[in-house]
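Q:
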Amino acid sequence: MPFPDSSVPVQPRPMDPKKDIAVYGYGSVAWKERMEDWKKKQSEKLQVVRHEGGKDSDELDDPDLPKMDEGRQPLWRKLPISSSRINPYRIIIVLRIAILCLFFHYRILHPVNDAYALWLTSVICEIWFAVSWIFDQFPKWSPILRETYLDRLSLRYEKEGKPSLLADIDVFVSTVDPMKEPPLITANTVLSILAVDYPVDKVACYVSDDGAAMLTFEALSETSEFARKWVPFCKKFCIEPRAPEWYFAQKVDYLKDKVDATFIRERRAIKREYEEFKVRINALVALAQKVPEDGWTMQDGTPWPGNNVRDHPGMIQVFLGQNGVRDIEGNELPRLVYVSREKRPGYDHHKKAGAMNALVRVSAIITNAPYVLNVDCDHYINNSKALREAMCFMMDPTSGKKICYVQFPQRFDGIDRHDRYSNRNVVFFDINMKGLDGIQGPIYVGTGCVFRRQAFYGYDAPTSKKAPRKTCNCWPKWCCCLCCGSKKKKIKAKSSVKKKIKNKDDIKQMHALENIEEGIEGIDNEKSSLMSQSKFEKKFGQSSVFIASTLLEDGGVPKAASSATLLKEAIHVISCGYEDKTEWGKEVGWIYGSVTEDILTGFKMHCHGWRSVYCMPKRPAFKGSAPINLSDRLHQVLRWALGSVEIFFSRHCPIWYGYGGGLKSLERFSYINSVVYPLTSIPLIAYCALPAVCLLTGKFIVPEISNYASIIFMALFISIAATGILEMQWGGVGIHDWWRNEQFWVIGGASSHLFALFQGLLKVLAGVNTNFTVTSKAADDGEFADLYIFKWTSLLIPPLTLLIINIIGVIVGVSDAINNGYDSWGPLFGRLFFALWVIVHLYPFLKGVMGKQEGVPTIILVWAILLSSILTLLWVRINPFLAKSDVVLEICGLNCD
92 MPFPDSSVPV
102 QPRPMDPKKD
112 IAVYGYGSVA
122 WKERMEDWKK
132 KQSEKLQVVR
142 HEGGKDSDEL
152 DDPDLPKMDE
162 GRQPLWRKLP
172 ISSSRINPYR
182 IIIVLRIAIL
192 CLFFHYRILH
202 PVNDAYALWL
212 TSVICEIWFA
222 VSWIFDQFPK
232 WSPILRETYL
242 DRLSLRYEKE
252 GKPSLLADID
262 VFVSTVDPMK
272 EPPLITANTV
282 LSILAVDYPV
292 DKVACYVSDD
302 GAAMLTFEAL
312 SETSEFARKW
322 VPFCKKFCIE
332 PRAPEWYFAQ
342 KVDYLKDKVD
352 ATFIRERRAI
362 KREYEEFKVR
372 INALVALAQK
382 VPEDGWTMQD
392 GTPWPGNNVR
402 DHPGMIQVFL
412 GQNGVRDIEG
422 NELPRLVYVS
432 REKRPGYDHH
442 KKAGAMNALV
452 RVSAIITNAP
462 YVLNVDCDHY
472 INNSKALREA
482 MCFMMDPTSG
492 KKICYVQFPQ
502 RFDGIDRHDR
512 YSNRNVVFFD
522 INMKGLDGIQ
532 GPIYVGTGCV
542 FRRQAFYGYD
552 APTSKKAPRK
562 TCNCWPKWCC
572 CLCCGSKKKK
582 IKAKSSVKKK
592 IKNKDDIKQM
602 HALENIEEGI
612 EGIDNEKSSL
622 MSQSKFEKKF
632 GQSSVFIAST
642 LLEDGGVPKA
652 ASSATLLKEA
662 IHVISCGYED
672 KTEWGKEVGW
682 IYGSVTEDIL
692 TGFKMHCHGW
702 RSVYCMPKRP
712 AFKGSAPINL
722 SDRLHQVLRW
732 ALGSVEIFFS
742 RHCPIWYGYG
752 GGLKSLERFS
762 YINSVVYPLT
772 SIPLIAYCAL
782 PAVCLLTGKF
792 IVPEISNYAS
802 IIFMALFISI
812 AATGILEMQW
822 GGVGIHDWWR
832 NEQFWVIGGA
842 SSHLFALFQG
852 LLKVLAGVNT
862 NFTVTSKAAD
872 DGEFADLYIF
882 KWTSLLIPPL
892 TLLIINIIGV
902 IVGVSDAINN
912 GYDSWGPLFG
922 RLFFALWVIV
932 HLYPFLKGVM
942 GKQEGVPTII
952 LVWAILLSSI
962 LTLLWVRINP
972 FLAKSDVVLE
982 ICGLNCD
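In the numbering used here, the protein residues as written are 92 to 988.
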């Protein structure tokens, strides 16, 4: 066949769609038949997906399934940060490390001989800051974002005309003191949970009252009654948010785009109902202020079991979800359960972690949902689809089985516009957590988190099957066998051992499950089965019903069990002695040993090979309240830092715990940083005091700077600024939030972190425990009233001292320069720069201690006068106005005799 001339254009041949494509010679009949067979198979598989969606997802996960079916598409996708933003960021990090090496090379080789102590102190502090920065920086190397597809979730698990296949979820709400955590706030959180956009038969809300307060019990009773009116209103008109206090407080025109007269009428009616509900709750609060001498009594005349907070039996009350209680429109309502665990003197109840573990066991007996949502009493659901957002990850057939929890960012209401004390913590939630999500997942922050229940039970994450190894097909099979025979034998030997161990564990679990089921029915079992049951009892406690629930990966309770039997078993699992000689708090449930049980619990899960996911929907999933007062904020940070110190001195410290498990190296870096950061308080305070000492003594931590040193210092400052700017760019954080975070890092480090370090050392070395202080969630006297209230606490002493001595140092330095003339201004600029750096960072602290009063608080005046007197005497003793050269004595010529 002759080759056509390429210079001559080929005339296009017309195609008639009515004709068979084979007529034109582009294909063959065999090709056409293969295409028809493929289309036929695809259509058959599509019919299977549409009509048999209830099958196990593993049977339908075929890579050849047609992609046009939305129900078979992934439920979420990963959105990496664009290379134009992340690559310059990584380059700057590498450059900054190189600059740091040059900086320390210069600093160490050029000591200041006449101020050796100051120089050595500064170098040690700078080395510590550099190491801390590395531990904080590298976990942010590969930040990612995630996007969910709620419509695909509905297509996959909510078939039209069939029951919903979405998984059940148990919601845990924890509260302790109704005076610091007002019942109205807890009620709003509960109402937002009951009105969530999720099948009502698949949601159960458990409220843990660890203070056994009758006020909380009565308020919850009123809440359940008001929910019968509030829930149908929310679902009928799809309002957001579904916490009534915050819905009615929105400064928006609710009539905009609303032409339905029914909505306006019902909104006014439900608002009136809510105002009456608030009056009843406030009346209960007022009544609770005066406790009777004999304690509270219930309506039937019996004493309230929780009159003695430290000695009372366990209490469980199911308010909704039973006895045919429905809303005003006749629809079902989610289950609402009140739980107060038993407390007796002489037992360690482990504070919030113990209360959460009690809820894990109670919920496993009553509903046993495979997933658990944990929220604080002041964190309401702001996005009614939050549970669906989490289920997009948990119920994803490809990667959902390996996810232990889905963490949502914390967002807050009621914070002043300037966010003086960095309450929003935007840098952590929008930068650090995105970075961790690109490694093994974010850390658990204590609220707004959806867990897989199986992850609480100390089980390892499921391992994925490895793809078959690729071998070359250019050699015969017998040759490959000869070459790789020895390797295969070793691999087979190892795998056979692992299989034997795994099979033994599986057999034990199967025998245990059979034994438990037969034990419930009262049938005796063989000795070997009893041995396996005793092993489970040592791990989970002596409750056969609960042990059986731990082996049900998909949740559920026995249908034959009566409510009375389950309630009796639920009371048993919240008794004081249930956890004795078990692994609760050690390997199972929330982990004990720290007041920040959240970090420890998430760390243990990651060590078991699980991964977590960070979910940031456009509408914040949860919102809560934060302490905007300076003293309250410092006490909150003190508790967090104390928990980190406790973990640092425990066996669970990430520096030496969890090797050989599933924890990734960069994830470990993040956990090390989360427990080591309180130690930074000592070098930080020393470094912030150095400028004042230099100004008062006339010394400096750096010798005369050469051109080379100037270039290194400038490059270091530029790299620090560039790192911050690029982080703000890819994290979507404003410069105002970033700067507030930097300021409060100095304020908190100089106060709360230092006290936490000393309290942690006292607890470890001397056994002195500190009391857990519940942060007040109440707001008084109008918007931002707490911001200007001055509350004296010892936490204010260190930063106040640093602020005053640096101000005095600046005054002394300027006075000295004026006295000594023009030549002394040059060396002064370096000292002034560092002193002003400290003062600017402590400026929000200064505004906080000044309050809104016209005059200065007395304690501030006393402390300022005391420090001024001490430093004045010190300055006189140093006598900086004396010439530095030797004194020359001359004869005055006067006869003194």
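C-beta atoms are modelled at their ideal positions from N, C-alpha and C, and glycine is treated no differently.
In this structure, does DSSP put residue 243 in helix, strand or coil?
A: Of the three classes helix, strand and coil, the one that applies to residue 243 here is helix, per DSSP.
Q: How would you call residue 370, buried or exposed, if buried means at least 16 neighbouring beta carbons within 10 angstroms?
A: It is exposed - the Cβ of residue 370 has fewer than 16 other Cβ atoms within 10 Å.
Q: What ranges does the alpha helix (DSSP H) occupy inside the segment 644-685, keeping only unbroken runs of at least 4 residues that lie completely in it?
A: As far as the segment 644-685 is concerned, its whole alpha helix (DSSP H) runs of at least 4 residues are 654-664.
Q: Which same chain residues end up closer than 8 Å to residue 889 when comparing Cβ atoms and leaving out the 5 residues on each side of it in sequence?
A: Here the set comprises 776, 841, 842 and 845.
Q: If you measure between the beta carbons of residue 703 and residue 483, is that distance less than 8 Å?
A: No.
Q: If residue 402 sits next to residue 362, beta carbons under 8 Å apart, how far is it from one beta carbon to the other, in whole angstroms?
A: Not quite, the Cβ-Cβ distance comes to about 43 Å (not below 8 Å), so this is no contact.
Q: For the beta strand (DSSP E) that residue 716 lies in, which residues bound it at each end?
A: Counting along the chain, the beta strand (DSSP E) containing residue 716 begins and ends at 713-716.
Q: Relative to the alpha-carbon of residue 302, which residue among 312, 272 and 281 has its alpha-carbon at the smallest distance?
A: Per the Cα distances, 272.
Q: If you reduce the DSSP assignment to three classes, tell me which class residue 893 lands in.
A: Residue 893 falls in the helix class under three-state DSSP.
Q: Applying the 10 Å Cβ sphere with the 16-neighbour rule, what's the burial state of residue 910?
A: Under this definition residue 910 is an exposed residue.
Q: Where does residue 194 land, buried or exposed, given buried means 16+ other C-beta within 10 angstroms?
A: Counting Cβ neighbours within 10 Å, residue 194 comes out buried, since at least 16 surround it.
Q: Can you tell me where the beta strand (DSSP E) with residue 297 in it begins and where it stops?
A: Per DSSP, residue 297 belongs to the beta strand (DSSP E) from 294-300.
Q: Kindly indicate which three-state DSSP category residue 458 falls into: helix, strand or coil?
A: Three-state result, residue 458: coil.
Q: Give me, in chain order, the residues of the same chain whose beta-carbon lies closer than 7 Å to that of residue 660; leave out the 5 immediate sequence neighbours on both sides.
A: Once the five neighbours on either side are set aside, the close Cβ partners of residue 660 are 456, 634 and 636.
Q: Taking the straight line between their C-alpha atoms, what separation do you get for residue 169 and residue 239?
A: Straight-line Cα distance between these residues: approximately 9 Å.
Q: For residue 698 and residue 466, what's the separation of their Cα atoms in angstroms?
A: Each residue's alpha carbon lies about 24 Å from the other.
Q: Going by Cα to Cα distance, which pick from 928, 472, 540 and 428 is closest to residue 413?
A: Closest by alpha carbon: 428.
Q: Please state the DSSP three-state secondary structure of residue 512.
A: Coil at residue 512, not helix or strand.
Q: Provide the residue span of the beta strand (DSSP E) that contains residue 393, from first to last.
A: Looking at the DSSP string, residue 393 is not in any beta strand (DSSP E), and its letter there is neither H nor E.
Q: Measuring only the C-alpha atoms, how far is residue 829 from residue 512?
A: Rounded to whole angstroms, residue 829 to residue 512 spans 12 Å at the Cα level.
Q: Could you check where the alpha helix (DSSP H) with residue 528 kicks off and where it finishes?
A: It spans 524-528 - the alpha helix (DSSP H) in which residue 528 sits, taken as one unbroken run.
Q: Please tell me whether residue 206 and residue 280 are closer than 8 Å, where the distance is taken between their beta carbons.
A: Against a cut-off of 8 Å, the Cβ pair of residue 280 and residue 206 comes out as no contact.
Q: Straight-line CA distance for residue 234 to residue 211?
A: When rounded, the distance between both Cα atoms is 37 Å.
Q: Are three or more beta carbon pairs between the segment 755-769 and the segment 213-226 nearer than 8 Å?
A: The answer is yes - the segment 213-226 touches the segment 755-769, with three or more Cβ pairs under 8 Å.
Q: Apart from the five residues just before and just after residue 934, which ones in its own chain have a Cβ nearer than 8 Å to its Cβ?
A: Once the five neighbours on either side are set aside, the close Cβ partners of residue 934 are 834.
Q: Looking only at its own chain, which residues have a Cβ that is under 6 Å from the Cβ of residue 164, when we skip the five neighbours before and after it?
A: Same-chain partners within the cutoff: 243.
Q: Look up residue 594 in the DSSP assignment and say whether it is helix, strand or coil.
A: Only weak support exists for where residue 594 lies, its pLDDT of 44 falling under 50; the coordinates are left without a value.
Q: Is DSSP giving residue 171 helix, strand or coil here?
A: It is a strand residue.
Q: Using beta-carbon positions only, say whether residue 741 and residue 459 come within less than 8 Å of one another.
A: The answer is no: Cβ separation not under 8 Å.
Q: Compute the distance between the beta-carbons of residue 486 and residue 258, then report whether it is under 8 Å.
A: Contact flag set, yes.
Q: Go to residue 34, then tell me how far its alpha helix (DSSP H) extends in each direction, as first and last residue.
A: The structure shown does not extend to residue 34, since the chain is modelled only from 92 through 988, so no value can be given for it.
Q: Can you check DSSP and say which residues form a bridge with residue 261?
A: DSSP lists 295 and 463 as partners of residue 261.
Q: Would residue 393 be called buried (16 or more neighbouring beta carbons within 10 Å of its own) or exposed?
A: Flag for residue 393 reads exposed.
Q: Does DSSP classify residue 740 as helix, strand or coil?
A: Reduced to three states, the DSSP call for residue 740 is coil.
Q: Note down the Cα distance separating residue 504 from residue 902, rounded to an integer number of angstroms.
A: Going from the Cα of residue 504 to the Cα of residue 902 covers about 41 Å.
Q: With distances taken Cα to Cα, identify the nearest neighbour of residue 268 among 814, 443, 744 and 462.
A: Comparing Cα positions, the closest option is 443.
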